[in-house]
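The opening residue of the sequence shown carries number 701 in the working numbering; numbering runs sequentially from there. Working notes, structure below.
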Amino acid sequence: MSYFKYQGKNIHYEETGSGRPLLLLHGNTASSNMFYEIAGRYAGHHKVVLIDFLGHGKSDRLTEFPADLWFDEAMQVIGLIKTRQYGKADIIGSSGGALAAINVALEAPELVGKVIADSFEGETPLKAFTQNIEQDREASKKDENARMFYYYMNGDDWEHVVDCDTSAIRRHDSTIGKFFHKPLEGFQPDILLTGSREDEFICALETDYFERVYGEMIRKIGHGKIHLFDTGGHPAMLSNQQGFLEISRGFLEE
């Protein structure tokens with residue numbers, strides 16, 4: 701297993717395939733294990749790079765996640781790109797990983813080729829989600845499918861990971877309230893925003909959420925594309941795996 705140092709801690713990463721680097725960034729309470737199936741399908745054309753953010757997967761644990769979680773995760777990605785000297789890397793981020801991906805491109809555009817941001821809330825937290833996060837997470841700990849997911853992603857201490865993430869989301873919402881430090885008007889790389897119209901976390905609250913929020917983001921950025929799948933749950937990247945592969949490969953190879 702390979703690790704690099706970030707602020708004195710070990711972050712796990714893996715590389716497979718060859719070609720232009722493509723980083724896959726996982727979402728909250730998950731790890732790079734979420735890309736177990738799809739990663740190999742990119743490896744024929746890319747050097748696929750998987751990372752476990754600090755506190756997740758095989759990376760060192762934290763006693764507490766930072767409130768500005770998705771910005772800190774972006775700094776971890778920037779550290780990896782520089783450490784491994786990837787040059788310009790393409791990035792696909794899903795859910796919370798999408799927020800990290802956009803932050804990487806805003807903070808270090810010289811290190812980024814293209815960005816695909818999948819199944820995320822937009823520029824600010826979704827209040828309907830954050831207001832109930834503690835109750836929802838406690839309920840998820842009692843759900844067998846959720847428990848199996850958490851365990852597969854993080855191992856025996858999955859409950860600590862979930863609790864740290866819940867606390868970070870709550871603190872971010874109450875003290876920071878926005879995901880990006882820099883305005884989207886300065887976003888430089890090509891970008892594709894993706895999602896599912898049946899996303900149970902987002903579109904269940906507002907059917908046209910992605911059309912509205914993604915549309916506003918693209919207006920601010922001044923360029924970019926949107927692709928929404930009619931079916932499939934959260935995240936679209938995995939619930940529409942074949943369709944996502946086709947769309948993403950076309951975008952990355954343009």
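We treat Cβ as the ideally placed atom computed from N, Cα and C, and that holds for glycine.
{"Query": "Option nearest Gly-950 by Cα separation, candidates Ala-800, Asn-728, Lys-814 and Lys-782", "Result": "Lys-814"}
{"Query": "Span separating the alpha-carbon of Ser-819 from that of Leu-723", "Result": "17 Å"}
{"Query": "Rounded separation between Glu-946 and Leu-938 - CA only", "Result": "13 Å"}
{"Query": "Top-ranked residue by Cα proximity to Glu-911, from Phe-901, Ser-896, His-923 and Ile-921", "Result": "Ser-896"}
{"Query": "Length of the line joining the Cα atoms of His-746 and Asn-728", "Result": "25 Å"}
{"Query": "Between the CA atoms of Met-917 and Asp-899 - distance to the nearest angstrom", "Result": "19 Å"}
{"Query": "Three-way DSSP call (helix, strand, coil) for Tyr-852 in this model", "Result": "helix"}
{"Query": "Three-state class that DSSP yields for Arg-784 in the structure shown", "Result": "helix"}
{"Query": "C-alpha distance - Asn-803 paired with Glu-773, whole-angstrom precision", "Result": "9 Å"}
{"Query": "Neighbour-count burial assignment, Met-701, 16 or more Cβ in a 10 Å radius", "Result": "exposed"}
{"Query": "Cβ neighbour criterion (16 or more within 10 Å) applied to Asn-854", "Result": "buried"}
{"Query": "Asp-768 versus Thr-716, Gly-719, Pro-825 and Glu-714, residue with shortest Cα-Cα distance", "Result": "Pro-825"}
{"Query": "Collapsed DSSP secondary structure at Ile-902 in the structure displayed", "Result": "coil"}
{"Query": "Contiguous alpha helix (DSSP H) assignments of at least 4 residues, all confined to the segment 725-781", "Result": "none"}
{"Query": "Residues bridged to Lys-705 [DSSP beta-bridge criterion]", "Result": "Asn-710"}
{"Query": "Beta-ladder partner(s) of Ile-791, from DSSP", "Result": "Leu-723 and Val-815"}
{"Query": "Cut-off 8 Å between Cβ atoms - residues of its own chain near Ala-789, not counting five sequence neighbours on either side", "Result": "Arg-720, Pro-721, Leu-722, Leu-723, Val-749, Ile-781, Leu-811, Val-812 and Gly-813"}
{"Query": "Three-pair Cβ contact test at 8 Å for the segment 851-865 versus the segment 751-762", "Result": "yes"}
{"Query": "Span of the alpha helix (DSSP H) around Ser-948", "Result": "941-952"}
{"Query": "Through-space distance from Gly-787 to Gly-933, alpha-carbon basis", "Result": "34 Å"}
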